[in-house]
Each structure stands twice: as structure tokens, then as C-alpha cells.
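Okay, structure first, notes after.
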Amino acid sequence: MEQVDVTIVGGGPAGLFVALLLQPLGISVRVLDEKPCSLELGRADALNARTQQYFEVAGILDELLPDGLKCNTSSTFKAGDFKSRQNAWWVGIEHAFHKNFLMIGQPVVEQVMRNRLGDAVSYNEHVISIAEEDDSVTVMTSSGRKVRSKYAVGADGARSFVRNTLDISFTGTKPEMTWAVLDTFLDTDFPVCPEIITFELDGESRVAWIPRERGMSRFYVLLKVKERLAGTFISKEGHGRIILAGDAAHVHSVNGGQGLNTGVSDAFALSWRLSALARPSNLTPEARDDILRSYDIERRSTAAQVIGVAAALVRDTIHTAKKYVSTIERNAGFITGMGVNYSEFATPLIQGTELGIWKPGYRCPEVVITGSSGKTSRLYENVSYGDFIVLAIGRRLPAISVSAPVYTILPNGSTNGHMGCHQNRDGDKNFTADWVKNEDSAIVIVRPDMYIGYVGTFEDEAWKGYLDSYFVKSR
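For the sequence shown, position 223 (counting from the first letter as 1) is numbered 280 according to my numbering, and the numbering increases by one without interruption.
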């Protein structure tokens, strides 16, 4: 019997991304997919801004950019006549570098991940049983293959065998509609540019033209939609070893490009948790429970919100293009991914109080920083997936032992001494920035999923307790 740390059922974007994130952290994985090979046609067509941030941290965005098409503009036409063009909801995103969709087909994304994973992915493996014990999960396929692991991820799509085996409810909402999708290359005299075009027909916004990579175009024609949300994302009422992600956990309309992007977000939120739980560490039973339970709280609540946004977009396709655009603008935070936050959820991994742009439960802002060499870069370019990081903003931390990487960010022009730029602790990274003022002073703990877990002052030492509770020291 094969033994790995994590078994992943399903080789779509969510499952592959979990594997891709876990491997560099030293976690062994096995991906089992019933398809004969990686996806070749169809499915999702756009990476939102937050997904691009995740792929940048994971080190695969640069491989996707040459094949993708950047798009941050949408237009509406009625009866063949141009009506409006808008992109304010993209260009208005604050503290972000990526302010666009990257239009690229799901097959391209899957192939990039698949190539990185090598023989960790097994195709033609139809899972027929999954059994959970107190300390392990055993998966069997129709070929007779057995894999035992510490944890398992059900990322096997909307008709998830894993979810059905666990008897987890998958409740739906109305209206129920269906979209017809056509991928094609066009020979047309219609003015073509990299933007999303909505066509209003008989007072309803039922047709959308989406630009794709390599000169391809995609057309959506509205018919009907089904939307579903799992009753829990984790087995044994949130305390088990089998976790759902992607379409196995939530299904919604194609409107707003939510499917692939939400699944990728699930994977980014889940993988560091699995890494923490799958290896011997200093974590207490309470901390382990917090880490696992917070995934269900944060991601299931977010999925419910995403379904609500997608439903609103679906409902308003039957209205005029003007109203449809208004709905898009109101929900831009979810469509771009940059407005998704966990601040209102009762999650134990969000603590502290808001200080300026640093808000517990919100995405970590994309800020520009300057290293000791004088080179300017973005924060997201300087992090790697898997660790909590501590941002000491405006001041140095005292010379005490800190288990996580520390990024000291001081005002421009700081000199050696009280706010100097020399390293005062092995492993610290030191930067300056023009957005840091002399009076600024904050300690920020950024979780591995690039959400802010804690914000406080230098005088409040609660950050130490947060870090000691959840930062994993491997044994």
C-alpha cells in the first residue's frame, strides 16, 4: 500500500494547486484523477487579481503570463450599437499590482501545474472507496490501488464521490439556469479589443463575448444555472481528516468567473493548514483544532457570499445592460477577489485591531518596499508560501527570539540606531518605504495565505502569543 502525507482526489485546478503548494513544504502527495489525461478543452477562462497574487507567491504566474491576455475593461452593446464602457472597478483597487483579469484557459493552467508535479499525479484512477480512521485515511481505486495518508482532500468536482461518501449535504439555491459555451476563432469586422462585451437582446443581457489567449474567443449564452454549497467542508463535523475544496465544496454560475478562482483560493487557504497538521510539531490540540476549523469557517462562509454574488449577476442578466453593469460594480470586490475578507467571521485565526491599512482578516496589502541594496520591489515578490511572517512597521522589534521571519519596514531615510536599517537578528529582512511615516508603529502578522492574522502595537505583546500558538516548529 502506498503511503503519503496527503491524498488528493481530483486533478482539477484546486486539487493540483494543493499538491503544488504542499510539495515544496516537504509534504508528500498523491493526486488521483479519473480523467485519462490533463484537461484539454473548455472550462474556466479567467484568473482574477487575487488568484494572480496567489500564483505569483507559488512561483507559476510568470509561466502563465506569456500565454494570457490582460483584460480590465467591459463594454455593453444594444441592438448592435455601443452603449457604455467601464473599468473603474478594476483601476480603483487599492494596494494592488494586478488590476485585471488574466484571460487564459483552464487547460493551460492545469498543464503548468501538472508539469511541476511530475509523477505525483496519477490519471485513469477512479476512486471507489474512501475510509477515515482516527489517524489516517485510506483511498482505493477501481484498479486496485490503495493509498493511505494522514489527510485527504476531496477536490473531485460538483458530483464529488468524496462528498457523497461522507453524506455531506449539498444544498441549492434558485434561480436555476444553464449557459451554453462556445470557444472559437473569429473572422469578423467587429472592432475587437481585449475586453469583455455584453450584448443586450430584447432587454436582457444574455450573451457575453470573452477574449481568450492565443486569439481565441469565448461566447456565453444564458439558459439556466444551478448553485450548490456543501453543508461542511470537513468530515466528522469539522474535526476529521477529509477536507473538501473547489467544486466539490461549492458550485455556482459562470458569471463573474468565480468557479476556478474560488477553488484556487480554497487550495491556498488549505495547503498551509495541511502542512502544519501533517507533520509532528509543537501545536497543541486546541491550536490544531483552530487551524482546521478556521478553514471551514472562512472558506464556507466566503463560498456562500460568492454564490450570492453569482446569483445576483444571474438574476440581473434578465435586465438591461445598465443594471447588469451596476450589479458588477457593487460586487467588484468578489469578482476581482481583492475584496474577500474574513473579518466578520468567528474565526480564531483573526485577532487584533485595525491600524491604518492593516486590517485583521483582510488581504495583506501589496506595498512597495526598498531593500538595503536600493532595489525596489513589491512585498508579494519577497515572500514564499508556507510561513507566517511578521511585519515590524516603523520600528524594530526588540532583540528577542522570534520564530517566524521578520520583515522590518522603516521610513525612507532612516539611519542606523533607533530605526536603523542594519540587521539586528539572524534571518531578518530589512526595508524602507515612503508610505511609512516617522510616527507609524505597528506589528502585523501575515498568515501563509496572505491574509492578515493579527495587528497590534509594539506595546501590546499579544502578537507573541498568537505566533507561539499557530507558528509551526517541526519536531
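Using N, Cα and C, we set each Cβ at its ideal position, and we do this for glycine too.
- Annotated three-state conformation of T255 is strand, per DSSP.
- Residue state for G201 is assigned as coil, using DSSP reduced to three classes.
- Between the alpha carbons of L223 and I300 lies a gap of roughly 10 Å.
- The Cβ neighbour count for E167, taken over all protein chains shown within 10 Å, is at least 16; the residue is labelled buried.
- Residue pairing of D138 in beta bridges, as defined by DSSP: K135.
- For E423, the number of other beta carbons within 10 angstroms of its own is at least 16, and it is reported as buried.
- DSSP, reduced to helix, strand and coil, places G320 within a helical segment of the structure shown.
- When the Cα atoms are used, R356 and V88 turn out to be separated by approximately 22 Å.
- Restricting attention to V529, M58, Q315, S131, the CA atom closest to the CA of A344 is found in V529.
- For the 8 Å CB-CB criterion, L467 and G451 form a contact.
- Per DSSP, R220 has no beta bridge partner at all.
- For H183, the CB contacts under 7 Å within the same chain, skipping 5 residues up- and downstream, are E91, T198, S199 in chain order.
- Judged by DSSP in its simplified three-state form, Y464 adopts strand.
- Every unbroken stretch of the alpha helix (DSSP H) spanning 4 or more residues and falling wholly within the stretch 114-179 is given here in chain order: 118-121, 145-148, 163-174.
- In this chain, the beta strand (DSSP E) harbouring K486 covers 486-490.
- For A449 against I502, the beta-carbon gap comes to about 10 Å, at or over 8 Å, which does not count as contact.
- In its chain, beyond the 5 residues on either side, R330, A333, L334, L340, L406, Y527 have a beta carbon closer than 8 Å to the beta carbon of I348.
- Between the alpha carbons of D240 and N487 lies a gap of roughly 48 Å.
- As the crow flies, the alpha-carbon of R420 is around 10 Å from that of I414.
- The bridge partners DSSP lists for I84 come to none.
- A Cβ-Cβ separation of about 16 Å leaves A324 out of contact with R220 under the 8 Å criterion.
- Between the alpha carbons of T404 and R202 lies a distance of about 38 Å.
- For Q408, the beta-bridge partners assigned by DSSP are Y511.
- Distance from I117 to R171 at the Cβ level is roughly 11 Å; contact not present, criterion being Cβ atoms closer than 8 Å.
- Taking 8 Å as the cut-off, the Cβ atoms of L126 and P268 count as close.
- Membership of S434 in the beta strand (DSSP E) is indicated by the continuous run 433-435.
- Linking V447 to I426 through their CA atoms gives a straight-line distance of about 15 Å.
- Straight across, the Cα-Cα distance linking N144 with R275 is about 20 Å.
- Within the same chain, and ignoring the five residues on either side of V440 in sequence, the residues whose Cβ sits closer than 7 Å to its Cβ are V114, I446.
- Checking the DSSP bridge columns, you'll see T64 partnered with R87, A209.
- Straight through space, the alpha carbons of A177 and R205 are spaced by roughly 14 Å.
- Between Y180 and P93, the gap from beta carbon to beta carbon is short of 8 Å.
- DSSP places L79 in the uninterrupted alpha helix (DSSP H) bounded by 70-79.
- In the three-state scheme derived from DSSP, where H, G and I count as helix and E and B as strand, E189 is classed as strand.
- If you draw a straight line from the Cα of L73 to the Cα of G67, it comes to about 8 Å.
- When DSSP states are grouped into helix, strand and coil, E59 belongs to the strand group.
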